[in-house]
Structure formats: C-alpha cells, structure tokens
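Novice:
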Amino acid sequence: METTNESASATSSETTPKFRPKRGVPEGLWRRCPGCRQTIFRKEAERQLGVCPECDYHWYVSARDRISQLLDEGTFEERFTELRPIDPLGFADRKAYAERLKEEQARTGLIDAAITGTGMIRARRVAFGVTDSAFIMGSMGSVVGEKLARLIELATEQQLPLIIVSGSGGGARMHEGILSLMQMAKVSAALARYHEAKGLFISVLTNPTMGGVAASFASLGDIILAEPKALIGFAGPRVIKAAMRIELPKGFQTSEFLLEHGFIDRVVRRRDLKSEIARLIDYCGM
Amino acid sequence: MSIADSRLQFERPIADFDERIARLEAGAEGSPEAREQVRALRRQRNELVRQVYENLEPWETVQVARHPERPKTSDYIDLVFDDFVELHGDRFFGDDRAIRTGFAKLDEQRVMVVGHEKGNDYKQRIACNYGSAHPEGYRKAMAKMRLAAKYGVPIICLIDTPGAFPGIGAEERGQATVIAENMFEMSRLATPIVCIVIGEGGSGGALGIGVGDRVAMLEHSYYSVISPEGCAGILWKSGAYAEQAAKALRFTSKDLPDFGVVDDVIAEPLGGAHRDHHQMAASMHQYLVRAFRTLLRQPIDELLEARYEKFRQMGKYLERLEEEETATTAGQ
Ligand SMILES: [Zn+2]
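Just so you know, the protein sequences line up as chains A and B, in that order.
Following this note's numbering, the residues of the first sequence are numbered contiguously, the last one being 1049.
Following this note's numbering, the residues of the second sequence are numbered contiguously, the last one being 759.
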C-alpha cells in the first residue's frame, strides 16, 4: 500500500530534501521555506529545530537530527544495526532496487529508513525508533519492519516506554512486494503483545505519514501526537482526487484535520515535543 | 483497451475451439464420425485450456482474478456453507456492503464468515463499491469477529478487494486506523482464523481481514502490496506499464508460498474458478474442513503463539555481525 502524494514527492530519491538547490539562492547558507516561500537563514532555522521562524512551518528533519532533538545528549544507544536490506524479489522498475538501495544509502548515510535503539528523555529511559522520510520516502520494507518489531519486543521485555517518530510518504515499500505489506501485520502483532504487557506506546506523526505506515504502527499509539500541518492519511491525496473526481477540501489530511476528526490526541509543536513526551510518560507511570 | 478486451485476448483461442465444437455438434445429427470428431476436439480444447492456464502471465492472472463471473463471497456463502445468518452494521456509522459478515455452518461446525463482496451485477457492484470497503466495513468485520471469539466460534475471512476505498469520507472516518486496529486485534483473537484470498488481495484493504492461523489463496488469485496499475503509475510514471509492474511484484500463487506469506494454494477447476463455481466451492469446502480439523484441536495459547511467530518470521533481510563486516573489509 504504497501511496503517492505531493509532499512526499519533494523527498523522493531524485532530490535531496535538506538543501535543495534553488536558482539564485546560495546552497547551504539559505533555504527557501516550503511554507511561506521566504528565504530563511539556515542556521536560524536550525536553532529553531528546523521550524521556519517566519511562518512556523515544520521542515523535514533527518532521523539523526530527530534523535538529538528528542533524546538527552549522549544517551542514545543504537540497536539492531546488523540488519541490512536485500532485494528479495529481484525487483526492477526503471532502476534496479538493489541499485536504488546503494544510492539511497550513499546519499543519506543510512542503511535503511529506520533507526532504533534506547535512550533517555529527560532522564526517563525509553525504547526509541524513528523513520527518515528521505530514504525511499521513509517506506517500510523488511528491515524497517524487523527493526521496529525487535524494538517493540525489547520494550516489552525491559518494560520501557516506546516512542516511534514516523516520517513516511511511501507507506509499505513496493520494491519488496508482499513482504513489505506483511511488515504491517508483524509490527502490529508485536504492538498487541506490548499492549497486553501494559506498555506505553507514544506515536509521533510527522510530515508525511501515509499508507501502510499510517495504517499500522503509527495509528496504534496509546497516545498519538502530531507535529503541526503534517500530511497524514491512508490514501494519497492524488489517488483520492482521481477516485472521487472532486477538489479536496482545504486542510484535508493534515494533523489538524485528524485532530478535528478524533484520530490524534494532540498537535504538538516541535520545540515542545520532548517535554510533552516526558510529561505523558509520567502520567502513565512508566 | 478495456479489461474485458485484454481478458479475451488470452482466452480467444479457447473461445474459437468452443465455437467449432458447438458448430460441429449442431451439424452432427448423430453421425458416429462427427461425434468422434467432437470428442477429439474436446480433448484438444481441454489440453489447450490447461496449457493456457498453467502458463498465465502475472498480468493475465490479474484479469482472471478480476473476472466478473468469478465466484464472489456471496457465491461461496451459498455453495460452501449452510444456514447463513447475516449480521449487519458496525454499531457506529453504517452497514458497509463491501464486507459481508455472518454465522454459518461448515457441515456441522459453527463458523463466522467475513468476506469482501464485489457483487454479481451492476446494481450490486455499485452497492458494495466493487469490494472496496470503508472504515465502517472494517469495524463491522472486527465487531463480528470479536463476537465469534467470545463464543469460541472459528472465523473464515474471504479476501477479494482491489483495496480499501480511497475517499474523503473514508479518511474522515479513519481508514488507516481501522486497518491497523484490525491487524492488532486479529493477531490476539482467541479463536482459529483461516484467511483465503479468493480473487484480489489488494494491499492494506486485504490485510485488514488478513491476519490468521492459515493464509491460503486460490490458484489464480493475487495478493499484492499495491495494484499493478498503482505501482506502474508511481515507479514507471504511467499506468500503461501495469503489465511490467505485475511481473515485477511477484504476487501470484507461484511466488507467494516461497516468500512464506501464503501457507496453501487451493487448486482451481480447469480454466479458472469462473468456469465451474461448484467444483471451486467443493475444493474450498474440503480445504476448510481439513484446516479446522487441525486448528480446533490446538490449545488457544499454542495457537496464538504460532500465529504470532508466523507473521513474526515474515520479511527478508541480511543480518551481519560487526566482526564479520570488519573482517570482510580487512580482507578486501
Ligand atoms: Zn516559512
């Protein structure tokens, strides 16, 4: 259940999301904000954790940056780094999947779209996972599914709160065919056991969280938080537009839309995420 | 080119044979030679059907899986089970006709049948959205499965959907959430569950009623992460490459057992299920009886453990230890 959507296409494999070169804008120092189209001094935005100082648009942040934003400095211990993606189908579209994997790994410095491990959030020990929407649209293949399943099992055994930050425009990764689809069932089943063991899962949705990721672990949080104005949904807006043959309402499939329809608990600004998560862990007594 | 035309393409030689046989029979008038000729032609024709259907390309399999005369959930309800008692509604929003649910008897065994319904004529197809369910359909399915589990009634899920419905209302009512919640709950539901893909196993819409102790598929069905058209649209930038996408996705019954995703393939009658509903129903009946004979004997704890492990094992990746990696690098 791969989806395609406008926001995700901005982070497709053909472009580098963080420093997209714009004509007339020197690369590196300045960035054009996707929210207000203004040219923003990059360092200023970074001081604001990748949030536009002019319009509050929450920019893409990499999985590594996310870890340093949310976890206490130096506490993250990465786990399950031994898992490597392979090409189980011998899949090739206009490019071979094996080739695509190598390119994505070189471009992003990641092995696959998820990083998992343990760390501290304001001195509370947690199991922590994050998907990076820059790696094949943050899609879930066998490695992402396996890393998350192992992380959930670890959280179950050690009775840790579980935090997963989702960024995936791609949903289930179609290059791995049915095996990707089955990761949705695998991770959901692991969460069901964690739930029975009274675990606390806080799911954090960021732009974009779509398709098979939205339709599995991302929507199964005991508490679901979302960053403002993130695109979140099952089917991609273009697919819906084509199916319904009508214009989509303004704000459709945003965090605020989901809040209004009752599917998420809170919309939380990036600079408040860490303290909100810590506070919620305390309320649940984990 | 419409779906019907492309379907006719690989069935055309069979149709030609059928016409020739019909013409001969009409003119035969009881002459022994003509009757012998008809018998010979029939044998040739059956051999041809066998050959065509044994060597279907993945894209042709999709056409068979979507065949309008292929048996639907409602046909299996009539032919495989007795005493169907339909149960409606999700107690929340509505009664989605894209999923049918109800108690039935498999011989003497009480079961809960849950299945996507595509409909057998135009009116029905519209009523059930061509088998694309809304959130209320998945909620209804879950509610009835919960009911079955409460009374120890085993569950049969018949999967036949191009995908969960992509629409404004579906998003507003939590399409992503209901599919996630169904997988979550089905993985722990304390009663045996057998899932069978009977036509199209369309992505999350299929998986929303697809977690069980046995996952089987009919010989000419397919089960995929995305429709071939959708995959072609994204990766080839044009739906016209659906045939290539169908091949690349490896979603037919020839591939899926090797991936550990499908436990059993149920053989179809010669030339596909649409040619003989009764024989297809008989094969499914036999499969279900056998499956439950084993599953109903298993203690629930063991059953749930095995169900968890079954899905836990799915996925293919490399597991490389740090030392090995260093060694490999050093050796280069
Ligand atoms: Zn801005």
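Where a beta carbon is used, it is the ideal one built from N, C-alpha and C, also for glycine.
Please list the segments of the alpha helix (DSSP H) lying wholly inside the region 799-865 of chain A, counting only runs of 4 or more residues, in order along the chain.
Specialist: Counting only runs of 4 or more, we get 805-810 and 826-833.
Novice: Could you tell me the alpha carbon to alpha carbon distance between residue 616(B) and residue 573(B), rounded to whole angstroms?
Specialist: Roughly 7 Å between the two C-alpha positions.
Novice: Could you tell me which chain B residues have their CB closer than 7 Å to the CB of residue 931(A), listed as they occur along the chain?
Specialist: None at all; the shortest Cβ gap to chain B is about 12 Å.
Novice: Applying a beta-carbon distance threshold of less than 9 Å, which residues of chain B neighbour residue 961(A)?
Specialist: In chain order: nothing, as chain B lies at least about 14 Å away.
Novice: Listed by chain order, which residues have C-beta atoms less than 5 Å from any heavy atom of ligand 1?
Specialist: Listed by chain position, these are 796(A), 798(A), 799(A), 815(A), 817(A), 818(A) and 820(A).
Novice: Roughly how many angstroms separate the alpha carbons of residue 857(A) and residue 582(B), rounded to a whole number?
Specialist: Roughly 42 Å between the two C-alpha positions.
Novice: For residue 564(B) versus residue 525(B), is the C-beta distance shorter than 8 Å?
Specialist: Closer than 8 Å, so yes.
Novice: Excluding the 5 residues flanking residue 560(B) on each side, which residues of the same chain have their C-beta closer than 7 Å to its C-beta?
Specialist: Answer for residue 560(B): 523, 525, 526, 543, 588, 591, 592 and 632, listed in chain order.
Novice: Here's a check: name, in chain order, each residue in its chain whose Cβ is nearer than 6 Å to the Cβ of residue 642(B), leaving out the five neighbours to either side.
Specialist: Counting only Cβ-Cβ distances below 6 Å, and skipping sequence neighbours, we find 622, 689 and 690.
Novice: When the Cα atoms are used, what is the spatial distance from residue 917(A) to residue 923(A)?
Specialist: Looking at the two C-alpha atoms, the distance is approximately 8 Å.
Novice: For the alpha helix (DSSP H) holding residue 604(B), just list the boundary residues, first then last.
Specialist: Segment 602-613, the alpha helix (DSSP H) holding residue 604(B).
Novice: Listed in chain order, which residues of the region 851-884 of chain A have Cβ atoms closer than 7 Å to some Cβ of chain B?
Specialist: Those would be 851, 852, 854, 855, 856 and 857, in chain order.
Novice: Please tell me whether residue 732(B) has its Cβ less than 8 Å away from any Cβ of chain A.
Specialist: Chain A contact via Cβ: absent.
Novice: Quickly, what does DSSP pair residue 622(B) with across the bridge? List them, please.
Specialist: Note: residue 622(B) sits in a beta bridge opposite 584(B) and 642(B).
Novice: Looking at the structure shown, is residue 687(B) part of a helix, part of a strand, or coil, going by DSSP?
Specialist: Correct three-state label for residue 687(B): coil.
Novice: Quick check on residue 532(B): does DSSP put it in helix, strand or coil?
Specialist: Correct three-state label for residue 532(B): strand.
Novice: Return the CA-CA distance between residue 933(A) and residue 448(B), expressed in angstroms with no decimal places.
Specialist: Cα-Cα distance, rounded: 52 Å.
Novice: Just curious, the beta strand (DSSP E) that residue 509(B) is in, first and last residue?
Specialist: Its beta strand (DSSP E) spans residues 509-513.
Novice: Find the nearest neighbour of residue 829(A) within the set 796(A), 871(A), 894(A) and 842(A), judged by alpha-carbon distance.
Specialist: Here the closest residue by C-alpha is 894(A).
Novice: I'd like to know whether the C-beta of residue 776(B) is nearer than 8 Å to at least one C-beta of chain A.
Specialist: Residue coverage of chain B in this structure runs from 428 to 759, which leaves residue 776(B) outside it and unanswerable.
Novice: Along the chain, which unbroken stretches of the alpha helix (DSSP H) at least 4 residues long are found entirely within the region 936-985 of chain A?
Specialist: Entirely contained in the region 936-985 of chain A, the alpha helix (DSSP H) runs reaching 4 residues are, in chain order, 940-959 and 974-977.
Novice: At a Cβ threshold of 8 Å, is residue 743(B) touching chain A?
Specialist: Yes, residue 743(B) lies at the interface with chain A (some Cβ there is under 8 Å from its Cβ).
Novice: Whose C-beta lies closer than 7 Å to the C-beta of residue 796(A) among residues of the same chain, with five residues either side of it excluded?
Specialist: If we look at residue 796(A) and ignore the five residues flanking it on each side, its Cβ neighbours are 803, 815, 817, 818 and 820.
Novice: Could you confirm whether any beta carbon from chain B is found closer than 8 Å to the beta carbon of residue 1026(A)?
Specialist: Answer yes: the Cβ-Cβ gap between residue 1026(A) and chain B drops below 8 Å somewhere.
Novice: Apply the 10 Å Cβ neighbour rule to residue 498(B) and answer buried if 16 or more other Cβ atoms are within range, or exposed otherwise.
Specialist: Under this definition residue 498(B) is a buried residue.
Novice: So if DSSP puts residue 833(B) in a beta bridge, which residue, or which two residues, is it bridged to?
Specialist: Outside the displayed span of chain B (428 to 759) sits residue 833(B), for which this structure offers no information.
Novice: Kindly indicate the opening and closing residues of the beta strand (DSSP E) around residue 891(A).
Specialist: Residue 891(A) -> beta strand (DSSP E) spans 887-894.
Novice: On the three-state DSSP scale, how would you describe residue 1038(A)?
Specialist: Residue state, collapsed to three classes: helix.
Novice: Could you tell me the boundaries of the beta strand (DSSP E) in which residue 877(A) lies?
Specialist: Start and end: 877-884.
Novice: Whole angstroms is fine: what's the gap from residue 737(A)'s alpha carbon to residue 979(A)'s?
Specialist: Residue numbering for chain A in the displayed model covers 764 to 1049; residue 737(A) lies beyond these limits and cannot be assessed.
Novice: Buried or exposed: which applies to residue 681(B), given that a residue is buried once 16 or more other Cβ atoms fall within 10 Å of its Cβ?
Specialist: Exposed, since its Cβ has fewer than 16 Cβ neighbours within 10 Å.
Novice: Verify the CB distance criterion: does residue 677(B) have a CB-CB separation below 8 Å to chain A?
Specialist: Output row for residue 677(B): interface = yes.
Novice: Could you tell me which of 822(A), 812(A), 847(A) and 845(A) sits nearest to residue 831(A), measuring between CA atoms?
Specialist: The shortest C-alpha separation from residue 831(A) is found at 812(A).
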